[in-house]
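In the numbering used here, the protein residues as written are 469 to 551.
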Amino acid sequence: MKNDSEIMRLKQEEPQKAVHKFRRIFKPIVDAKAEQCPEVVAFCPHGAISMDGKLKIDYNLCDGCLICLRECHTGAIKEVKEE
Numbered sequence: 469m470k471n472d473s474e475i476m477r478l479k480q481e482e483p484q485k486a487v488h489k490f491r492r493i494f495k496p497i498v499d500a501k502a503e504q505c506p507e508v509v510a511f512c513p514h515g516a517i518s519m520d521g522k523l524k525i526d527y528n529l530c531d532g533c534l535i536c537l538r539e540c541h542t543g544a545i546k547e548v549k550e551e
């Protein structure tokens with residue numbers, strides 16, 4: 469059985485492509501404070517978030533689970549209704 473740190477390492481090495489079994493209702497958006505919560509990159513189960521000077525969300529991979537919103541303690545990630 470793998471421990472949590474091993475699972476996180478594997479998750480970061482091989483991000484899974486999102487399989488959209490349902491339509492995303494909400495999507496996360498980031499503001500300027502997002503650089504203060506880089507830890508959300510590791511929490512995204514689909515590898516949809518990257519950090520290259522600033523936080524970026526790949527909406528092709530994002531399924532709208534909003535784990536990033538819950539894990540960013542600066543309030544820099546908000547949810548908006550998908551159009």
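Even glycine gets a Cβ: it sits at the ideal position worked out from N, Cα and C. The structure presented is a predicted model; accordingly, all values stated were derived computationally and were not measured.
{"Item": "Reference GLY521; option with closest CA among LYS546, GLU550, GLU503, HIS541", "Value": "GLU503"}
{"Item": "Beta-carbon spacing of GLU539, VAL508 below 8 Å", "Value": "yes"}
{"Item": "Classification of ILE564 by the beta-carbon crowding that lies within 10 angstroms, buried from 16 upward", "Value": "Nothing in the structure corresponds to residue 564, since the chain is present only between 469 and 551."}
{"Item": "Endpoints, beta strand (DSSP E) assigned at ILE525", "Value": "523-525"}
{"Item": "Start and end residues, alpha helix (DSSP H) containing ALA535", "Value": "Checking the sequence shown, residue 535 turns out to be Ile, not Ala. ILE535 -> alpha helix (DSSP H) spans 535-539."}
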